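Structure first, then comments.
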Amino acid sequence: MKPIIGQPAPEWSLDLAWPNAIQSPAELRGQWSVLLFFHIGCAGCTGRAIPFTRELAARYPNVNLVAIHTDFESNTTREQLKAVVDYFALPYPVLRDNGAATFRHYGAEGTPHWFLLDPNGVIQKSFFGSLGTALMRIDYTLGEAFQEG
Numbered sequence: 007m008k009p010i011i012g013q014p015a016p017e018w019s020l021d022l023a024w025p026n027a028i029q030s031p032a033e034l035r036g037q038w039s040v041l042l043f044f045h046i047g048c049a050g051c052t053g054r055a056i057p058f059t060r061e062l063a064a065r066y067p068n069v070n071l072v073a074i075h076t077d078f079e080s081n082t083t084r085e086q087l088k089a090v091v092d093y094f095a096l097p098y099p100v101l102r103d104n105g106a107a108t109f110r111h112y113g114a115e116g117t118p119h120w121f122l123l124d125p126n127g128v129i130q131k132s133f134f135g136s137l138g139t140a141l142m143r144i145d146y147t148l149g150e151a152f153q154e155g
């Protein structure tokens with residue numbers, strides 16, 4: 007399944023939330039948003055993608071950031087995920103996708119996978135990976151959005 011560009015962000019049914027709950031993508035409307043699908047066992051996620059989200063949070067304080075831990079086999083405990091959240095002192099909501107249903111619904115290709123939503127909740131861009139080119143494209147897209155608006 008390919009990422010669903012140009013469509014409203016699908017609803018989700020996710021577990022756990024720190025530091026505050028986001029029950030639906032509809033709650034993100036009104037601002038640009040970045041969704042990050044990640045897994046704590048993914049070196050690209052914990053080594054590059056998650057630290058990069060902290061940079062995005064500092065550079066774009068008016069962007070909603072939400073991280074969705076994709077638990078493909080539903081074997082990550084709440085304590086393990088909370089330890090990662092605490093270690094990185096993540097300043098945005100972190101949710102858990104047990105069984106990866108939301109991951110599949112969005113058409114994510116692996117972890118990390120990024121989705122940029124416009125203020126109307128429509129998916130505008132999708133980026134797979136954590137290499138510099140993917141991270142640079144996310145930063146560039148957000149920079150462009152804020153220059154226009």
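Going by our numbering, the sequence shown opens with residue 7, and the numbers climb by one from there.
Just so you know, even glycine gets a beta-carbon here, dropped at the ideal spot from N, CA and C.
Here the structure is a predicted model, which means the values were calculated and not measured.
Exercise for the section: Within its chain, find whatever has a CB closer than 7 Å to the CB of asparagine 68; leave out the 5 residues flanking it on each side and keep chain order. Expected result: Cβ neighbours of asparagine 68 beyond the five flanking positions: Gln37.
Problem - Nearest to tyrosine 112 (by Cα), restricted to the options Asn126, Tyr98, Leu96, Gln130 - result: With respect to the C-alpha of tyrosine 112, the residue from Asn126, Tyr98, Leu96, Gln130 having the closest C-alpha is Gln130.
Exercise for the section: Only counting runs of 3 or more residues, tell me where the beta strand (DSSP E) segments fall wholly within the region 73-109, in order along the chain. Expected result: If we require 3 residues or more, the beta strand (DSSP E) runs fully inside the region 73-109 come out as 100-104.
Practice task
Could you tell me whether the region 110-125 touches the region 41-52, where touching means 3 or more Cβ pairs closer than 8 Å?
Solution key: Result yes; three or more Cβ-Cβ pairs closer than 8 Å.
Exercise for the section: Output yes or no for whether 9 Å exceeds the beta carbon distance between leucine 71 and threonine 59. Expected result: For the pair leucine 71 and threonine 59, the CB atoms are nearer than the 9 Å cut-off.
Exercise for the section: Count the CB pairs spanning the region 10-29 and the region 99-113 that are closer than 8 Å, and state whether there are at least three. Expected result: Touching, yes, given that three or more Cβ pairs across the two stretches are closer than 8 Å.
Handout entry: Outcome for leucine 41 when other beta-carbon atoms lying within 10 angstroms are tallied against a minimum of 16
Key = With 16 or more other CB atoms across the displayed protein chains lying within 10 angstroms of its CB, leucine 41 is buried.
Problem - Residue range of the alpha helix (DSSP H) that includes leucine 62 - result: Note, leucine 62: alpha helix (DSSP H), 56-65.
Problem - Helix, strand or coil at glutamine 130 according to DSSP, with G and I counted as helix - result: Here glutamine 130 sits in strand by DSSP.
Practice task
Keeping to the same chain, check which residues put their C-beta closer than 7 Å to that of glycine 127; ignore five residues upstream and five downstream.
Solution key: Excluding residues within five positions, the ones whose Cβ falls inside 7 Å are Pro14, Ala15, Pro31, Ala32, Leu34, Arg35.
Problem - Contact set for leucine 141: own chain, Cβ-Cβ below 6 Å, skip 5 residues either direction - result: If the five residues before and after leucine 141 are omitted, its C-beta is found closer than 6 Å to the C-beta atoms of Phe58, all from its own chain and listed in chain order.
Exercise for the section: Report the residue from Glu79, Ala73, Arg110 whose alpha carbon sits nearest the alpha carbon of proline 99. Expected result: Comparing C-alpha distances from proline 99 to each of Glu79, Ala73, Arg110 shows the shortest one belongs to Ala73.
Handout entry: Three-state secondary structure assigned by DSSP to aspartate 21
Key = Reduced to three states, the DSSP call for aspartate 21 is strand.
Problem - Burial state of leucine 137 (16 or more Cβ within 10 Å) - result: Around the beta-carbon of leucine 137, fewer than 16 other beta-carbon atoms lie within 10 Å, marking it exposed.
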